[in-house]
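K.L.:
The structure that follows is given in the form of structure tokens.
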Amino acid sequence: MSHGASMPATSCLKWLMSEAVTAIKPASGKGGLARWLISGPPLLYLIVFFAVPTLIMAFAAFRFPGDYGGLAPLFDETGALDLTLESFTPFFTDFIYTAIFLKSLLFAVITTLVCLTMAYPLALLIARSPQKWRNLLVLLVILPFWSNFLIRIYAWMILLGPQSALTRGLNAVLDVFGFEPVTLLYSAFAVIVGLVYVHLPFMVLPLYANLEKHDPALLDAAQDLGAGKWQTFWRVTFPLSLPGIYAGAALVFIPALGIFAVSDILGGTGGIMIGNVIKQQFLDSRDWPFGSVLSIMLTVAALAAAGFAALLARPRRRQHA
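In our numbering, the protein residues as written are 78 to 398.
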């Protein structure tokens, strides 16, 4: 279960390393050497611990399952490669796996939108605060990372439990208006709450890094030209913050799509995500080929999301007549 907690940090690391590689633009031979000295180790790390395992997993998807779990021998009795496509069949023919995959996509989208809605005002507040308060506010944002991931999720299990003050208070209000009591824990709502709580800092930090760099002279110029505060925000601040939004959306959506620890603890049977199914295939059912198929589908979705975010973040070239 602890592996589910490392997914956001891994995605964040990959994003930051890619940004570091593209940000270094050498102007000479020495600059090129400096670039490789800086970007070489993280690039090697990604190749060894991400690219190679991904290729191994992709190859395992075409293997037969072993008699007692795991993988069957790669070669049959005649010495020929023993490969198959049959592990792909359940994903495309059994609707339950497609439904769980689509539900995971929906959860990740909702998490991204909620995080953006909550993080943007907070990031703007930090960026517009006096310099002496910014470091403290950023520290408060990353403070949850100082405690264990699972402990934080179990804390939400207590907060959303049937005997918690939140649940009892909500049900008391619903009872006044004649509605049936609700159960917050072990529901899709609890999963969304946990996902938002875990990934909110990954949206705040890129937005803050972007908003902090905005030139105040642009805001002053817009107001001098007669723009109000809202018009200045929508015409100046928001367009300039789009790269930060795209970066934050990728850092939230990708790990939220594959995480399984949150849904394991808070979701119950109604909050199962594709990460839970993958974990079950590898650890419980021991059907490694089908688990690899599901992992490939998840990786393709994550790469598509990252590529889409990178495409949106590219500066648009204006066409001049």
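Built from N, CA and C at the ideal position, the CB exists for glycine as well. Remember, predicted model here, so these are calculated numbers, not experimental data.
I believe residue 272 touches residue 244 by the beta-carbon criterion, under 8 Å. Please report the beta-carbon distance rounded to the nearest angstrom.
P.N.:
Reading the sequence shown from its first residue, position 195 is the one you call residue 272. Reading the sequence shown from its first residue, position 167 is the one you call residue 244. Going by Cβ atoms, the distance from residue 272 to residue 244 rounds to 19 Å, so no, they are not a contact pair.
K.L.:
In this structure, how does DSSP classify residue 140 when only helix, strand and coil are distinguished?
P.N.:
The residue you call residue 140 lines up with position 63 of the sequence shown. If DSSP states are grouped into helix, strand and coil, residue 140 belongs with the strands.
K.L.:
Give a yes or no on whether the C-beta atoms belonging to residue 285 and residue 200 are separated by under 7 Å.
P.N.:
Numbered from 1 along the sequence shown, position 208 holds the residue referred to as residue 285. Numbered from 1 along the sequence shown, position 123 holds the residue referred to as residue 200. Cβ atoms of residue 285 and residue 200: closer than 7 Å.
K.L.:
Taking 7 Å as the cut-off, decide whether the C-beta atoms of residue 351 and residue 126 are in contact.
P.N.:
Position 274 of the sequence shown holds residue 351. Position 49 of the sequence shown holds residue 126. No; because the gap between Cβ atoms is not below 7 Å, this pair is not in contact.
K.L.:
Do the segment 253-269 and the segment 359-371 meet, that is, are 3 or more Cβ pairs less than 8 Å apart?
P.N.:
Touching, no, given that fewer than three Cβ pairs across the two stretches are closer than 8 Å.
K.L.:
So, with DSSP's three-state summary, where would you put residue 152?
P.N.:
Here residue 152 refers to the residue found at position 75 of the sequence shown. Three-state DSSP puts residue 152 in a strand.
K.L.:
Please determine, among 149, 169, 172, the residue with the shortest C-alpha to C-alpha distance to residue 161.
P.N.:
The residue labelled residue 161 in the question sits at position 84 within the sequence shown. It is 149 whose Cα lies nearest to the Cα of residue 161.
K.L.:
Run through the DSSP bridge pairs and tell me what residue 364 is partnered with.
P.N.:
The residue labelled residue 364 in the question sits at position 287 within the sequence shown. DSSP lists 147 as partners of residue 364.
K.L.:
Does the separation of the CB atoms of residue 385 and residue 185 fall below 7 Å?
P.N.:
On the sequence shown, residue 385 is found 308 positions in, with the first residue counted as 1. On the sequence shown, residue 185 is found 108 positions in, with the first residue counted as 1. Going by C-beta atoms, residue 385 is not nearer than 7 Å to residue 185.
K.L.:
Reducing DSSP to helix, strand and coil, say where residue 261 ends up.
P.N.:
Numbered from 1 along the sequence shown, position 184 holds the residue referred to as residue 261. Coil, per DSSP.
K.L.:
Is residue 135 near residue 373, with beta carbons less than 7 Å apart?
P.N.:
Working through the sequence shown from its first residue, we reach residue 135 at position 58. Working through the sequence shown from its first residue, we reach residue 373 at position 296. Yes, they are a contact pair.
K.L.:
Going straight from the alpha carbon of residue 80 to that of residue 336, what length do you get?
P.N.:
Taking the sequence shown and counting its residues from 1, the one referred to as residue 80 is at position 3. Taking the sequence shown and counting its residues from 1, the one referred to as residue 336 is at position 259. Low confidence applies to residue 80: its pLDDT is 46, below 50, so where it sits in the model is not reliable enough to give any reading.
K.L.:
Would a check of beta-carbon distances place residue 350 closer than 7 Å to chain B?
P.N.:
The structure shown contains no chain B, having only a single protein chain.
K.L.:
Among 332, 278, 140, 138, which residue has its Cα nearest to the Cα of residue 198?
P.N.:
As a working note, residue 198 is residue 121 in the sequence shown. Residue 198 has its Cα closest to that of 278, out of 332, 278, 140, 138.
K.L.:
Have a look at the DSSP bridge pairing and note the partners of residue 158.
P.N.:
The residue given as residue 158 occupies position 81 in the sequence shown. Looking at the DSSP assignment, residue 158 forms a beta bridge with 152.
K.L.:
Short of 8 Å in beta carbon distance, which residues of its chain neighbour residue 309, apart from the five on each side in sequence? Order them along the chain.
P.N.:
Translated into the one-based positions of the sequence shown, residue 309 becomes position 232. Same-chain partners within the cutoff: 296, 299, 300.
K.L.:
Looking at C-beta atoms only, is the number of pairs between the segment 337-349 and the segment 222-236 that lie closer than 8 Å three or more?
P.N.:
Result yes; three or more Cβ-Cβ pairs closer than 8 Å.
K.L.:
Sorted by chain position, which residues of the same chain lie with C-beta nearer than 8 Å to residue 165's C-beta, five sequence neighbours on each side aside?
P.N.:
As a position in the sequence shown, residue 165 is number 88, starting the count at 1. Correct list, in chain order: 138, 370.
K.L.:
I'd like to know whether the C-beta atoms of residue 276 and residue 317 end up nearer to each other than 7 Å.
P.N.:
By 1-based counting over the sequence shown, the position of residue 276 is 199. By 1-based counting over the sequence shown, the position of residue 317 is 240. For residue 276 and residue 317, no; Cβs fall outside 7 Å.
K.L.:
Given a cut-off of 7 Å on the beta-carbon distance, is the pair residue 218 and residue 281 in contact?
P.N.:
As a first step, residue 218 is located in the sequence shown; it is residue number 141 there, counting from the start. As a first step, residue 281 is located in the sequence shown; it is residue number 204 there, counting from the start. Yes; because the gap between Cβ atoms is below 7 Å, this pair is in contact.
K.L.:
Where does residue 140 land, buried or exposed, given buried means 16+ other C-beta within 10 angstroms?
P.N.:
Your numbering for residue 140 matches position 63 in the sequence shown. Residue 140 should be labelled buried.
K.L.:
Using only alpha-carbon positions, find the residue among 248, 376, 390, 220 that is nearest to residue 131.
P.N.:
Position 54 of the sequence shown holds residue 131. When only C-alpha atoms are compared, the closest one is 376.
K.L.:
Indicate whether residue 265 and residue 143 have their beta-carbon atoms separated by less than 7 Å.
P.N.:
Your numbering for residue 265 matches position 188 in the sequence shown. Your numbering for residue 143 matches position 66 in the sequence shown. Cβ distance not < 7 Å, so residue 265 and residue 143 don't count as in contact.
K.L.:
State the DSSP-derived secondary structure class of residue 341, mapped to helix, strand or coil.
P.N.:
Residue mapping note: residue 341 aligns to position 264 of the sequence shown, counting from 1. Helix, per DSSP.
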